[in-house]
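Take a look at the structure set out below.
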Amino acid sequence: MKKLFGLMVMFLVCFSFLVVAEADLIVEDFALRQDNPEVREAYDYILDVKNVGDDTVSTCLPAELYFEDDPYLKYPNCLLQSLTNIRDPNSEIASVKIISEDGSEKEVIPEWNEGSYMSEPLTSEEIEEKKELVASGLREYTEEELVDVLASIEKAGLEGYEYSLDSLFVELQPGETLRYESENSFNGIDKLFIPPGELNLEKWNLPIHIKLDRFGVMEDNQGNNDYSEDILMEPTIIQGPKDESSKNVELDGGNEYFGFASGCAMIQGKEICVSLDDPNVPDDEENLVISVDGSEEVYSYSGLFMAWFYKWFGDGRLAPAEVNNGVEIIIYMGGFKFSFV
């Protein structure tokens, strides 16, 4: 009995070791290369990914950076692939930095290699579409082939399909951190674009989300592959007095403001709302709506476009000034001027 118990303990210890001995990547740090970021601008960034597991991993750095909406790509977004011109096989490949736990650093040039990934499981609609395609007669199947094809479709509804990919990979030892710097991407293509945001008089936090290896390219621990951090953003409403800039028209005094986002904000005790997009209205019928304390002014997008195209107004405005609930509103190509009268 004691011998049997000892064997069981040894088995459990060995099994535990096998379970733990795996690669496990996590996002260690993220930093935007801009001290005062603004909406509708693109910036470089630094992404640190660490192997906290016990095994070496070969990675193409499949990471997706997003803001409000979930990732939409149907295949891995291998960041290392941006370090070269993929259309030119002779293009140089930029190096990446690998940092050891003791702080020492080395430059490594990624190498082309093959990998595989699993697509997302098929939806019920996609399953039916594939079955209808099989039944359409475009290709003839034997009875055995038909059974196998239909079974693979059903399996893909649970697990997805396995695909191969060619990408740039580097090896990351346990404890090492891979530092990816977007400024080294080919022609700067991997800058991070900041979305339009919402009207805000103060600095505000924009959450950025990073998801590692959504498609299982590395087959690492999937339980800690999500990361979120707030980016402190500049206001989307500028208060005067301000000289004209690339962001705003000239603002003469403290009662003049310039906004370049949608949403609602309280300004001098009045709620000002800008609606740029209504998902319930067809695009060809949609209008720009600006309201002050609930009183709306409606502007036709086609009229605003014609004013811009033909330059009807010499100072760059796209519509005549409108006074609404004590606020004068002037629309420009880059935003909206609010003057409290």
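One rule links them: number in my numbering = place in the sequence shown (from 1) + 56.
All C-beta atoms in this analysis are idealised placements derived from N, C-alpha and C, irrespective of residue type, glycine included.
Residue i (DSSP reduced to helix, strand or coil)
i: G309; result: coil
i: A321; result: strand
i: F271; result: coil
i: L288; result: strand
i: G370; result: coil
i: E341; result: helix
i: N280; result: helix
i: L121; result: strand
i: P230; result: coil
i: E97; result: coil
i: R195; result: coil
i: F314; result: strand
i: D91; result: coil
i: I250; result: coil
i: M174; result: strand
i: K298; result: strand
i: E258; result: coil
i: E218; result: strand
i: E78; result: coil
i: V65; result: At V65, the pLDDT of 43 sits below 50, so the modelled position is not reliable and the matter cannot be decided from this model.
Cβ separation of residue i and residue j, assumed to be a contact under 8 Å, to the nearest whole Å
i: A212; j: L257; result: Actually they are not in contact, since the Cβ atoms of A212 and L257 sit about 50 Å apart, beyond 8 Å.
i: S172; j: L221; result: 7 Å
i: R235; j: D104; result: 5 Å
i: L45; j: P166; result: The first residue shown for the chain is 57 and the last is 397, placing residue 45 beyond what the model contains.
i: V348; j: K326; result: 6 Å
i: K186; j: I155; result: Rounded, the Cβ-Cβ distance is 45 Å, inconsistent with contact.
i: P93; j: M289; result: 6 Å
i: L268; j: V83; result: 6 Å
i: L255; j: A321; result: 4 Å
i: E227; j: T112; result: 6 Å
i: G296; j: G315; result: Rounded, the Cβ-Cβ distance is 12 Å, inconsistent with contact.
i: K343; j: Y366; result: First, the amino acid is wrong: residue 343 is Asn here, not Lys. Not confirmed; about 20 Å, so no contact.
Status (buried if at least 16 other CB within 10 Å, exposed otherwise) for residue i
i: V397; result: exposed
i: M389; result: exposed
i: N304; result: buried
i: A98; result: exposed
i: N281; result: buried
i: C16; result: Residue 16 lies beyond the residue range present for the chain, which begins at 57 and ends at 397; the question has no answer from this structure.
i: M362; result: exposed
i: L202; result: exposed
i: T198; result: exposed
i: G382; result: exposed
i: C249; result: First, the amino acid is wrong: residue 249 is Phe here, not Cys. By the 10 Å Cβ count, F249 comes out exposed.
i: I294; result: buried
i: T233; result: buried
i: G244; result: exposed
i: Q137; result: buried
i: P376; result: exposed
i: P251; result: exposed
i: P132; result: buried
i: Y101; result: buried
i: I385; result: buried
i: R195; result: exposed
i: L121; result: buried
i: D246; result: buried
i: R270; result: buried
i: K393; result: buried
i: L374; result: buried
Alpha helix (DSSP H) segment containing residue i, residue limits
i: L359; result: Before going further, note that residue 359 is Gly rather than Leu in the sequence given. Its alpha helix (DSSP H) spans residues 357 to 366.
i: L214; result: 199 to 215
i: A456; result: Nothing in the structure corresponds to residue 456, since the chain is present only between 57 and 397.
Segment limits, beta strand (DSSP E) that includes residue i
i: F242; result: No beta strand (DSSP E) holds F242; DSSP gives it neither H nor E.
i: G391; result: 391 to 396
i: V105; result: 101 to 107
i: T115; result: 113 to 115
i: L88; result: 81 to 88
i: Q295; result: 293 to 295
i: V383; result: 383 to 388
i: V330; result: 326 to 331
i: K380; result: At residue 380 the sequence reads Asn, which differs from the Lys that was named. That run of the beta strand (DSSP E) goes 378 to 380.
Quick check for students: name the residue ranges of the beta strand (DSSP E) that lie wholly in the segment 123 to 172, counting only runs of 3 or more.
Counting only runs of 3 or more, we get 152 to 155, 161 to 164.
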